[in-house]
Amino acid sequence: MHPRRRPNRPTSESTNQPGGKPTCTPPTYPRRSQSSPPSPTPATSPAAHNSAPTTLNTSRSWANATATSPRSSDHPYPRPVQTRRILELTLGAAALIAVVAAVVVSIGSTPETAQADSVDDTLTVTGNVSYRERIAFPENAVVTVRLEDISLADAPATLLAEQRIEDATGVPVPFELAAYRDAIDPRARLAIRAQIEVDGALRWTTDTVHPIPVEGDVQAQELILVAVPQ
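Residues in the sequence shown are numbered consecutively from 39, following the working numbering.
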(Lines of atoms letter the chains of each structure in order from A and count residues from 1; the text may use other names and numbers.)
(Lines give C-alpha, C1' and ligand atoms only; values in the text may rest on other atoms or scores of the structure.)
Protein backbone atom coordinates (compact mmCIF):
# COMPACT_ATOMS: atom_id res chain seq x y z
CA MET A 1 0.00 0.00 0.00
CA HIS A 2 1.11 3.44 -0.84
CA PRO A 3 1.33 5.86 2.04
CA ARG A 4 -1.37 8.29 2.23
CA ARG A 5 -0.37 11.61 0.93
CA ARG A 6 -1.43 14.57 2.84
CA PRO A 7 -3.11 17.31 0.72
CA ASN A 8 -1.52 20.69 0.43
CA ARG A 9 -3.27 23.26 2.44
CA PRO A 10 -3.51 26.87 1.40
CA THR A 11 -1.81 29.41 3.55
CA SER A 12 -2.65 32.94 4.30
CA GLU A 13 0.08 34.08 1.97
CA SER A 14 -1.60 32.66 -1.12
CA THR A 15 -2.20 35.08 -3.94
CA ASN A 16 -4.82 35.09 -6.64
CA GLN A 17 -3.54 34.17 -10.06
CA PRO A 18 -5.21 35.28 -13.26
CA GLY A 19 -8.24 33.17 -13.89
CA GLY A 20 -9.63 33.61 -10.45
CA LYS A 21 -8.07 30.45 -8.91
CA PRO A 22 -6.16 30.75 -5.76
CA THR A 23 -2.58 29.50 -5.63
CA CYS A 24 -1.45 27.71 -2.54
CA THR A 25 2.12 27.50 -1.38
CA PRO A 26 2.88 24.12 0.07
CA PRO A 27 4.00 24.24 3.67
CA THR A 28 7.61 23.62 4.49
CA TYR A 29 8.60 21.25 7.20
CA PRO A 30 11.96 21.44 8.94
CA ARG A 31 14.30 18.70 7.91
CA ARG A 32 16.39 16.80 10.32
CA SER A 33 19.95 17.82 9.85
CA GLN A 34 22.12 14.90 8.78
CA SER A 35 25.25 15.68 10.65
CA SER A 36 28.37 13.58 10.23
CA PRO A 37 28.98 11.05 12.94
CA PRO A 38 31.08 12.40 15.72
CA SER A 39 34.75 11.85 15.30
CA PRO A 40 36.24 9.54 17.88
CA THR A 41 37.93 11.31 20.67
CA PRO A 42 41.39 10.30 21.85
CA ALA A 43 39.81 8.87 24.98
CA THR A 44 37.38 6.56 23.06
CA SER A 45 39.39 5.91 19.86
CA PRO A 46 41.06 2.46 19.81
CA ALA A 47 44.13 3.87 18.08
CA ALA A 48 44.46 6.60 20.65
CA HIS A 49 43.79 4.09 23.38
CA ASN A 50 46.61 1.88 22.12
CA SER A 51 49.09 4.70 21.50
CA ALA A 52 48.57 6.55 24.76
CA PRO A 53 50.13 3.90 27.03
CA THR A 54 53.06 3.62 24.59
CA THR A 55 53.75 7.33 24.84
CA LEU A 56 53.31 7.23 28.57
CA ASN A 57 55.59 4.21 28.94
CA THR A 58 58.20 5.84 26.74
CA SER A 59 58.08 8.99 28.82
CA ARG A 60 58.31 7.00 32.01
CA SER A 61 61.20 4.92 30.63
CA TRP A 62 63.06 8.05 29.63
CA ALA A 63 62.37 9.57 33.04
CA ASN A 64 63.56 6.43 34.81
CA ALA A 65 66.70 6.25 32.67
CA THR A 66 67.40 9.90 33.33
CA ALA A 67 66.86 9.47 37.05
CA THR A 68 69.00 6.32 37.34
CA SER A 69 71.79 7.19 34.91
CA PRO A 70 74.92 8.37 36.84
CA ARG A 71 76.23 11.80 36.10
CA SER A 72 79.70 13.07 36.81
CA SER A 73 78.30 15.95 38.81
CA ASP A 74 75.56 14.06 40.74
CA HIS A 75 76.99 10.57 41.24
CA PRO A 76 79.59 10.26 44.04
CA TYR A 77 81.63 7.63 42.15
CA PRO A 78 83.24 8.12 38.71
CA ARG A 79 82.19 6.15 35.71
CA PRO A 80 84.13 2.96 34.81
CA VAL A 81 85.61 4.62 31.73
CA GLN A 82 86.87 7.55 33.78
CA THR A 83 88.26 5.19 36.44
CA ARG A 84 90.19 3.21 33.84
CA ARG A 85 91.54 6.41 32.33
CA ILE A 86 92.67 7.68 35.74
CA LEU A 87 94.35 4.33 36.43
CA GLU A 88 96.19 4.45 33.11
CA LEU A 89 97.42 7.98 33.80
CA THR A 90 98.57 6.98 37.29
CA LEU A 91 100.50 3.96 36.01
CA GLY A 92 102.06 6.05 33.26
CA ALA A 93 103.19 8.68 35.76
CA ALA A 94 104.65 6.00 38.04
CA ALA A 95 106.56 4.43 35.14
CA LEU A 96 107.91 7.84 34.12
CA ILE A 97 109.06 8.54 37.67
CA ALA A 98 110.80 5.15 37.82
CA VAL A 99 112.63 5.83 34.54
CA VAL A 100 113.73 9.28 35.72
CA ALA A 101 114.96 7.83 39.03
CA ALA A 102 116.93 5.13 37.20
CA VAL A 103 118.53 7.74 34.95
CA VAL A 104 119.47 9.90 37.94
CA VAL A 105 120.99 6.92 39.74
CA SER A 106 122.95 5.88 36.66
CA ILE A 107 124.24 9.43 36.22
CA GLY A 108 125.16 9.67 39.89
CA SER A 109 127.05 6.37 39.90
CA THR A 110 129.65 7.33 37.28
CA PRO A 111 132.91 5.41 36.95
CA GLU A 112 134.72 8.30 38.65
CA THR A 113 132.38 8.09 41.66
CA ALA A 114 132.71 4.31 41.90
CA GLN A 115 136.49 4.63 41.66
CA ALA A 116 136.51 7.29 44.39
CA ASP A 117 134.47 5.01 46.67
CA SER A 118 136.85 2.11 46.05
CA VAL A 119 139.83 4.37 46.73
CA ASP A 120 138.35 5.43 50.07
CA ASP A 121 137.97 1.76 51.07
CA THR A 122 141.52 0.84 50.01
CA LEU A 123 144.84 1.71 51.60
CA THR A 124 147.32 2.31 48.80
CA VAL A 125 151.06 2.70 49.24
CA THR A 126 153.31 3.74 46.35
CA GLY A 127 157.01 4.54 46.08
CA ASN A 128 160.43 3.49 44.73
CA VAL A 129 163.06 0.99 45.73
CA SER A 130 166.79 1.74 45.22
CA TYR A 131 170.22 1.15 46.82
CA ARG A 132 173.22 3.37 47.50
CA GLU A 133 175.91 1.49 45.58
CA ARG A 134 176.73 2.75 42.12
CA ILE A 135 176.66 -0.59 40.40
CA ALA A 136 174.62 -2.04 37.59
CA PHE A 137 171.38 -3.68 38.46
CA PRO A 138 172.09 -7.41 38.42
CA GLU A 139 170.30 -9.79 36.11
CA ASN A 140 167.81 -12.27 37.54
CA ALA A 141 167.12 -9.87 40.41
CA VAL A 142 163.74 -10.03 42.14
CA VAL A 143 162.44 -7.06 44.14
CA THR A 144 159.93 -7.81 46.93
CA VAL A 145 157.98 -5.13 48.80
CA ARG A 146 155.68 -5.94 51.77
CA LEU A 147 153.12 -4.05 53.85
CA GLU A 148 152.99 -5.52 57.35
CA ASP A 149 151.33 -5.06 60.72
CA ILE A 150 154.09 -4.85 63.29
CA SER A 151 151.92 -4.03 66.31
CA LEU A 152 153.16 -7.04 68.29
CA ALA A 153 156.84 -6.75 69.12
CA ASP A 154 157.25 -10.31 70.34
CA ALA A 155 155.36 -11.93 67.42
CA PRO A 156 155.98 -12.20 63.68
CA ALA A 157 154.60 -9.38 61.57
CA THR A 158 151.26 -9.89 59.87
CA LEU A 159 151.46 -9.61 56.10
CA LEU A 160 148.80 -7.30 54.61
CA ALA A 161 150.04 -6.84 51.02
CA GLU A 162 153.01 -7.97 48.91
CA GLN A 163 154.39 -7.25 45.44
CA ARG A 164 157.11 -9.17 43.58
CA ILE A 165 158.80 -7.45 40.67
CA GLU A 166 160.82 -9.79 38.42
CA ASP A 167 161.19 -7.69 35.28
CA ALA A 168 163.06 -4.72 36.75
CA THR A 169 166.04 -3.47 34.70
CA GLY A 170 167.44 -0.84 37.04
CA VAL A 171 166.90 1.36 40.05
CA PRO A 172 164.76 3.06 41.18
CA VAL A 173 162.14 0.35 40.92
CA PRO A 174 158.55 1.64 41.33
CA PHE A 175 156.05 -0.32 43.37
CA GLU A 176 152.41 -0.11 44.49
CA LEU A 177 150.72 -1.93 47.37
CA ALA A 178 146.99 -2.02 48.19
CA ALA A 179 145.09 -3.38 51.19
CA TYR A 180 141.46 -3.15 52.34
CA ARG A 181 140.99 -0.79 55.26
CA ASP A 182 138.21 -2.98 56.68
CA ALA A 183 140.77 -5.75 57.28
CA ILE A 184 143.09 -3.43 59.21
CA ASP A 185 142.69 -2.65 62.89
CA PRO A 186 142.50 1.15 63.36
CA ARG A 187 144.95 0.78 66.27
CA ALA A 188 147.43 -1.25 64.19
CA ARG A 189 151.00 -0.15 63.54
CA LEU A 190 151.86 -0.52 59.88
CA ALA A 191 155.17 -0.49 58.09
CA ILE A 192 156.69 -1.42 54.72
CA ARG A 193 159.97 -3.13 53.96
CA ALA A 194 161.72 -4.26 50.78
CA GLN A 195 164.52 -6.56 49.66
CA ILE A 196 166.33 -7.56 46.49
CA GLU A 197 167.34 -11.16 45.82
CA VAL A 198 169.69 -12.38 43.08
CA ASP A 199 169.48 -16.05 42.13
CA GLY A 200 167.66 -16.72 45.39
CA ALA A 201 170.29 -15.02 47.59
CA LEU A 202 169.50 -11.86 49.59
CA ARG A 203 171.62 -8.90 48.33
CA TRP A 204 169.88 -5.75 49.60
CA THR A 205 167.28 -5.05 52.32
CA THR A 206 165.82 -2.23 54.39
CA ASP A 207 167.41 -1.55 57.79
CA THR A 208 164.97 1.05 59.12
CA VAL A 209 161.25 1.11 59.84
CA HIS A 210 159.04 2.97 57.36
CA PRO A 211 155.71 3.60 59.16
CA ILE A 212 152.46 3.86 57.21
CA PRO A 213 149.34 5.62 58.61
CA VAL A 214 146.15 3.61 58.78
CA GLU A 215 143.84 6.54 58.06
CA GLY A 216 144.13 9.24 55.45
CA ASP A 217 146.32 9.52 52.37
CA VAL A 218 149.77 7.95 52.27
CA GLN A 219 152.68 9.83 50.75
CA ALA A 220 155.02 8.20 48.27
CA GLN A 221 157.74 6.18 49.97
CA GLU A 222 161.43 6.14 48.99
CA LEU A 223 163.04 2.94 50.21
CA ILE A 224 166.85 3.00 50.24
CA LEU A 225 168.22 -0.53 50.73
CA VAL A 226 171.55 -1.48 52.20
CA ALA A 227 173.76 -4.28 50.97
CA VAL A 228 173.86 -7.55 52.81
CA PRO A 229 177.40 -8.86 53.46
CA GLN A 230 178.22 -11.94 51.41
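No residue lacks a Cβ here, since even glycine has one placed at the ideal position from N, Cα and C.
- Counted as a single uninterrupted DSSP element, the beta strand (DSSP E) harbouring Ser168 occupies residues 160-169.
- Distances from the alpha-carbon of Gln268 to those of Gln259, His248, Val236 put Val236 closest.
- Rounded to the nearest whole angstrom, the C-alpha separation of Ile188 and Ala133 is 56 Å.
- Here DSSP, grouped into helix, strand and coil, assigns Thr182 to strand.
- Counting only the Cα atoms, Pro224 lies some 15 Å from Thr162.
- Apart from the 5 residues on each side of it in sequence, Asn178 sits with its Cβ closer than 7 Å to the Cβ of Val236, Asp237 in its chain, given in chain order.
- Our two residues, Arg172 and Gly208, have alpha carbons roughly 11 Å apart in a direct line.
- Per DSSP, Leu198 is one residue of the beta strand (DSSP E) stretching across 196-203.
- Bridge partners of Ala232 according to DSSP: Val183.
- For Ala217, the number of other beta carbons within 10 angstroms of its own is at least 16, and it is reported as buried.
- Using a Cβ distance threshold of 9 Å, Glu186 and Ile135 do not count as a contacting pair.
- The C-alpha of Ala139 is placed about 48 Å away from the C-alpha of Glu260.
- The straight-line gap separating the alpha-carbon atoms of Arg241 and Ala221 is approximately 32 Å.
- Check the Cα spacing between Val266 and each of Thr243, Ile124, Val256, Tyr169: the tightest is with Thr243.
- Taking every protein chain shown into account, the CB of Ile234 has 16 or more other CB atoms within 10 angstroms, so this residue is buried.
- In the structure shown, the three-state DSSP call for Ile262 is strand.
- The three-state reading of DSSP puts Arg241 in strand, counting E and B together.
- Val252 sits close to Ala226, with the two beta carbons spaced by under 9 Å.
- The alpha-carbon of Ala131 is positioned some 10 Å away from that of Leu125.
- When DSSP states are grouped into helix, strand and coil, Ile250 belongs to the strand group.
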